[in-house]
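Asker: Residue numbers (full-length UniProt numbering), protein chains in the order written: chain L, 1 to 296; chain S, 1 to 220.
Here it is: the structure, laid out below.
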Amino acid sequence: MEEKLSLQEWIDLAETENKSFGDFCIEFQAKELEMDKRVLLERMEEMLHVMEQSVVIGLTGITSMGGLVGGNGKKIETYRAESAAKSVVGSVMSKAIMIALAVGEANASMGRIVAAPTAGASGTLPAVLFSLSEARGSSMDELGKALIVAGAIGMVIASRASLSGAAGGCQAECGSAAAMAAGAAVELYGGSPEQVGQAVAITLKNMLGLVCDPVAGLVEVPCVKRNAGAAAQAMVAAEMALAGICSVIPVDEVIDAMAAVGNAMSCTLKETAQGGLAVSPTGILLANKLFAKVES
Amino acid sequence: MNIFDVIGPVMIGPSSSHTAGAVRLGNLALAILGEGVKEAVIGLHGSFAQTYRGHGTDLALSAGLQGWATDDSRIPKSFDSAKEAEIEISFTTINLGDLSHPNSVRFWMTGVNGNKCTVTGASIGGGRVVVTNIDDFPVEFSGDFPAILTMHRDRPGAIALVTSILSTQGVNVAQMKVFRKQKGGLAAMIVETDQPIDDAAFEVIGKLPHIQSVRRIQLV
């Protein structure tokens, strides 16, 4: 068993050293990996380039392996282009929705993506990072640092709970991706380490209990749209944290609660396609249709 | 675990456990076989058995056995490439028991030089994998480190000789495990190291007394 990490411990260290959480994480991780800080940042920037490419793939309007998703990222793109006044959530979040769907669809069609933390949840981080960086005019370096913050948050969640839907339900995948993205967003907006922790805690609380119930067992329905939901949750939490709102339950305790909820969750709701939407009448119909197709 | 386990891998979708992990398991099976694959029967257990087609798990395993990386854009076409290379790969569903991880797979492989090897492993999430059995030896390693796998006689000094060769080459042992079927019989050892094991050390280890075979497992 790997050692349990503590996000609060890292936050306290960063606060004591009077560093942004991004600067703290990059130094800490570079040391841990015996890697030059510059090289680590460059590796992160390579990941960001792959993410950008995934968005491009997704927006070509492809169809997925199972044929259940595709073309929705493009629909938002078209809707956005029509008129700004039509947007319910405003331009920044609408862009995040578009990116989340595009990357999710690229993934479902066997396109190249960055699993962050998993392939099923790969749309969330690019959605938050790219929509916010466009709004703020962030540099690639700032984005790379935000991505390292996201990674550090993911490491803590992995060590105390899980990042896998099979082990912890969708809260562990889209929930973790959202928490990572929320922390990254706070970093991008110049928030304090403490605020990063608050954003993570608030996000996970809002995603707690989310089940993993993929129709026909595929990373398509409801996974792709859940990435858009996760991106929105991340932005909601980041906004609260930056405004100075605190989570009553401390961040490490929220992560532990997520682990406990995951353990208590029935196996039918953990990626087995035996519960939730997967066994809705339409879910079963689609699964039967897909399996009939592959058997023939 | 490090930050690249969370941010990454860069991979072909749709599932880190069912696609990227499957590629890595194929890579490890190929490395353990120690030569190109001529024929492989792949048994899929649990969730792998139920949903492999929709996740491209079969394409990914085939890509892995051809030595491709998790982000190789040829993965959706890996069957065609196997056919061209005259590698025969077939799939079956198996039950490895309730205690096995739901994303488990067993490879029965024959290499281009006629060597046979059976490898069982599991994809444990986020693209991380673990090999759990090689030729009926229960083992446990992740492929995260360079490693050597020996089959040797269970005799005093057999292990010490291997580790002493590594130490003279400046190779540090990160983790090691020894397995034997019976006292004095055939044993297996997995040595995971911090540094890659060079050709010279590898050859010397192969010639040590009591060593029946040695294989090098180095993923990029």
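Cβ atoms here follow ideal geometry from the backbone N, Cα and C, with glycine treated the same way.
Here the structure is a predicted model, which means the values were calculated and not measured.
Using DSSP's beta-bridge definition, name the partner residues of serine 90/S.
Answerer: Val41/S
Asker: Does DSSP put threonine 51/S in a helix, a strand or coil?
Answerer: helix
Asker: Within a Cβ cutoff of 7 Å, which residues of the same chain sit near alanine 179/L, ignoring the five residues on either side of it in sequence?
Answerer: Ile153, Ile157, Val200, Thr203 and Leu204
Asker: Short check: CB of serine 109/L to CB of isoleucine 62/L, under 9 Å?
Answerer: yes
Asker: Can you give me the C-alpha to C-alpha distance between serine 142/S and valine 131/S, rounded to a whole angstrom?
Answerer: 6 Å
Asker: Among the residues of its own chain, which have a CB less than 8 Å from the CB of isoleucine 26/L, if the five just before and after it don't count?
Answerer: Lys37, Leu40, Leu41, Lys145 and Ile148
Asker: How far does the beta strand (DSSP E) with arginine 110/S in it extend, from its first residue to its last?
Answerer: Per the sequence presented here, residue 110/S reads as threonine, with arginine not at that position. Taken as a continuous stretch (DSSP letters only), the beta strand (DSSP E) holding threonine 110/S covers 104 to 111.
Asker: Of all the alpha helix (DSSP H) runs that stay within the bounds of the region 123 to 189 of chain L, which reach a length of 4 or more residues?
Answerer: 124 to 136, 140 to 160, 165 to 168 and 176 to 188
Asker: Please report the residue range of the beta strand (DSSP E) in which glutamate 52/L lies.
Answerer: From DSSP, glutamate 52/L is part of no beta strand (DSSP E) but of the alpha helix (DSSP H) over 37 to 58.
Asker: Let me check one thing: in DSSP terms, what residues is glycine 125/S bridge-paired to?
Answerer: Arg128/S, per the DSSP bridge assignment.
Asker: Near residue 244/S, what residues of its chain come up, given a Cβ to Cβ distance below 8 Å and the 5 sequence neighbours on each side ignored?
Answerer: In the structure displayed, chain S extends from 1 to 220; residue 244/S sits before or after that span and is not available.
Asker: Tell me, to the nearest whole angstrom, how far the beta carbon of alanine 237/L is from that of alanine 182/L; I am working on the premise that it is less than 8 Å.
Answerer: 4 Å
Asker: Could you name each continuous alpha helix (DSSP H) segment of 4 residues or more that falls completely within the region 66 to 120 of chain L, going from the start of the chain to the end?
Answerer: If one requires a minimum length of 4 residues, the alpha helix (DSSP H) runs lying completely within the region 66 to 120 of chain L are 72 to 82 and 91 to 108, in chain order.
Asker: Using a Cβ cut-off of 9 Å, which residues of the region 17 to 51 of chain L contact any Cβ in chain S, in chain order?
Answerer: Cys25, Gln29, Glu32, Leu33, Leu40, Arg43, Met44, Glu46, Met47 and Val50
Asker: Label valine 89/L either buried or exposed according to how many other C-beta atoms from any shown protein chain fall within 10 Å of its C-beta, with 16 as the threshold for buried.
Answerer: exposed
Asker: Applying the 10 Å Cβ sphere with the 16-neighbour rule, what's the burial state of asparagine 206/L?
Answerer: buried
Asker: Where valine 211/S and proline 156/S are concerned, what is the direct C-alpha to C-alpha distance, given to the nearest angstrom?
Answerer: The identity of residue 211/S in the sequence shown is isoleucine, whereas the question assumes valine. Each residue's Cα considered, the two are about 12 Å apart.
Asker: Less than 8 Å separating the Cβ of alanine 158/L from some heavy atom of the ligand HEM?
Answerer: Only the bare structure without any ligand can be found here, which leaves the ligand HEM out of the picture.
Asker: May I ask you to report which of helix, strand or coil DSSP gives methionine 265/L?
Answerer: In the structure shown, methionine 265/L adopts coil according to DSSP, grouped into three states.
Asker: Determine the direct distance from the alpha carbon of leucine 219/S to that of isoleucine 148/S, and round the result to whole angstroms.
Answerer: 12 Å
Asker: Under 9 Å, do lysine 217/L and glycine 54/S count as touching if we go by C-beta distance?
Answerer: Residue identity differs from the one stated: residue 217/L is glycine in this sequence, not lysine. Yes, the pair counts as a contact, with Cβ atoms nearer than the cut-off.
Asker: Just to confirm my understanding: we take alanine 84/L, look at its own chain, exclude 5 residues before and 5 after, and list those with CB closer than 7 Å. What are they?
Answerer: Taking C-beta separations shorter than 7 Å and ignoring five residues to either side along the sequence, the partners of alanine 84/L in its chain run Ser91, following chain order.
Asker: Just list the residues that DSSP pairs asparagine 133/S with in beta bridges.
Answerer: Thr120/S and Pro138/S
Asker: Strictly under 9 Å for the Cβ-Cβ distance: is serine 47/S near chain L by that measure?
Answerer: yes
Asker: Quick one: measure Cβ to Cβ for residue 301/L and serine 17/S, integer angstroms, because I've assumed they're closer than 8 Å.
Answerer: There is simply no residue 301/L to check, as chain L begins at 1 and stops at 296 in what is shown.
Asker: Would you say phenylalanine 107/S and isoleucine 165/S are within 9 Å of each other, going by their C-beta atoms?
Answerer: no
Asker: Contact criterion: CB-CB distance below 9 Å. Does methionine 109/S meet it with respect to chain L?
Answerer: no
Asker: Just checking, does the region 52 to 66 of chain L make contact with the region 217 to 231 of chain L on the three C-beta pairs under 8 Å criterion?
Answerer: yes
Asker: Three-state secondary structure (DSSP) at alanine 85/S?
Answerer: Coil, per DSSP.
Asker: Can you find a CB in chain L that lies within less than 9 Å of the CB of isoleucine 124/S?
Answerer: yes
Asker: Just verifying my parser: in three-state terms, what is the DSSP assignment at leucine 96/S?
Answerer: coil
Asker: So if I threshold CB-CB distances at 8 Å, which residues from the region 220 to 249 of chain L count as touching chain S?
Answerer: Considering only beta carbons, the part of the region 220 to 249 of chain L lying closer than 8 Å to chain S consists of Glu220, in chain order.
Asker: Kindly indicate which residue of Ala259/L, Val279/L, Leu277/L and Asn263/L has the alpha-carbon position closest to the one of glycine 4/L.
Answerer: Inspection of the sequence shows that residue 4/L is occupied by lysine rather than by glycine. Nearest C-alpha to lysine 4/L: Ala259/L.
Asker: Within 9 Å of any Cβ in chain L, is that where the Cβ of phenylalanine 91/S sits?
Answerer: no
Asker: For a test of the three-state rule: what should DSSP assign to phenylalanine 179/S, helix, strand or coil?
Answerer: Three-state DSSP puts phenylalanine 179/S in a strand.
Asker: Can you give me the C-alpha to C-alpha distance between glutamate 88/S and aspartate 135/S, rounded to a whole angstrom?
Answerer: 20 Å
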